[in-house]
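Beneath this line is the structure, given in C-alpha cells, with notes to follow.
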Amino acid sequence: MIKHIILSLLVAASSLNASAEDSRYMQGAVPEKDGIVTFTQSFTVKSGTQADVYGIVATYVKQLVADGRQEMRTRIVSDEPAQGTIVAMVEEVMTFKKQFLNWDHCYFRYRIMAQCTPDNHVQLTVTQISYQYMFDENGNGGESYKAEEWISDKAAINKAGTKLLPRSGKFRRKTIDRVAAIFEACRECFETETPEQRRTATSLD
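Pasting the structure below:
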C-alpha cells in the first residue's frame with residue numbers, strides 16, 4: 345500500500361514538473377504582429393554612447409551571420425551606424441535529435457533587426473521565420489514552412505489548448521528556446537565590462 349502511495353506521489357510530482365515546463369511554450373508564447381510571428385525584446389545599457397552600444401550589438405549580429413550557413417540566405421541586409429540600426433538574414437541548423445544514423449534537424453531562417461537609440465535603449469526583433477525540413481543530403485528539396493502556418497498558437501496547439509501538436513510542437517519549442525538564447529546572449533555582451541573599459545583595454549593593446 346505504501347509503495348502505491350509513493351508511486352502515485354512521484355507520478356503526480358512528475359506531471360506537475362512537466363506542466364510547469366510546458367507552460368513556457370503554450371498560449372501566447374509565440375507573439376504575432378499584424379499576423380506575422382514577431383519576437384521582440386528591449387533593454388537599456390547603463391553606460392557608453394550610442395556608438396559604443398551600437399558597436400557591441402553590431403558585432404554580435406555579425407557573429408550570428410558568421411556562424412550561420414554561408415549561403416545567400418545568410419547575410420547583412422542593412423548596416424547603418426549613424427542610425428544605430430543593423431539588419432541581417434540568418435540561416436542556422438536547428439537540431440531536434442541527434443543519434444547514430446538519426447539526425448533530425450531543419451534549416452531555421454529568420455530576420456534579426458537591432459535598433460540602438462541615443463538614450464542607450466536597444467530593441468531586438470526576430471521575425472520572417474521559416475524552416476526547411478526533410479531535405480536531401482545536399483540540402484535540397486524537402487518541406488518548407490512559415491512560422492505563421494507552423495508554430496503559431498493556432499497551428500501548434502491542440503483545440504483544447506492543453507498541449508502542443510507532436511510534429512509542429514517540436515519546431516515551436518526549439519524556436520522559442522533559440523530566440524530566447526539569441527536575446528540573452530546579446531544582453532550578456534554588456535554584462536562583462538562597460539564600453540569605457542572596452543575602449544581602455546583596446547588602447548592598451
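All you need for this note's numbering is the position in the sequence shown, starting with 1, plus 344.
Glycine included, each C-beta is placed from N, C-alpha and C at the ideal position.
Around the Cβ of residue i, are there at least 16 other Cβ atoms within 10 angstroms (buried) or fewer (exposed)?
i, result
"serine 358", "No answer about serine 358 holds up, because its pLDDT of 41 lies below 50 and its placement is not dependable."
"asparagine 502", "exposed"
"glutamine 414", "exposed"
"leucine 445", "exposed"
"glycine 392", "buried"
"valine 381", "buried"
How many Å lie between residue i and residue j at the Cα?
i, j, result
"proline 606", "alanine 373", "As displayed, the chain neither begins before 345 nor continues past 549, which places residue 606 out of reach and without an answer."
"threonine 439", "serine 474", "15 Å"
"threonine 418", "threonine 403", "15 Å"
"glutamate 532", "phenylalanine 479", "35 Å"
"histidine 447", "glycine 412", "For the sequence presented, residue 447 should be read as tryptophan rather than histidine. For tryptophan 447 and glycine 412, the distance between alpha carbons rounds to 18 Å."
Using only alpha-carbon positions, find the residue among the options that is nearest to residue i.
i, options, result
"glutamine 371", "Glu481, Ala500, Lys514", "Ala500"
"tyrosine 451", "Tyr404, Glu532, Gly486", "Gly486"
"arginine 368", "Asn484, Ile380, Gly513, Glu535", "Gly513"
"lysine 390", "Asp463, Phe440, Lys441", "Asp463"
"alanine 491", "Asn482, Asp480, Thr519", "Thr519"
"tyrosine 454", "Thr393, Lys441, Glu435", "Glu435"
"alanine 410", "Met433, Gln476, Thr393", "Met433"
"tryptophan 494", "Pro510, Asn484, Val437", "Pro510"
"phenylalanine 515", "Glu481, Asp497, Gly483, Cys530", "Asp497"
Using DSSP with H/G/I as helix, E/B as strand and the rest coil, what is residue i?
i, result
"valine 389", "coil"
"cysteine 530", "helix"
Cβ of residue i less than 7 Å from any chain B Cβ?
i, result
"glutamate 487", "The chain labelled as chain B is not found in the depicted structure, where only one protein chain is given."
Would the C-beta of residue i count as close to the ligand PLP, meaning under 6 Å from any of its heavy atoms?
i, result
"glycine 505", "Of the ligands one can find in the structure shown there are none, so the ligand PLP has no counterpart to examine."
Checklist entry - For the region 456-469 against the region 426-444, are there 3 or more C-beta pairs whose distance is under 8 Å? => result Touching, yes.
Checklist entry - Counting Cβ pairs, one atom from each stretch, are 3 or more of them under 8 Å apart for the region 461-472 and the region 375-385? => result yes
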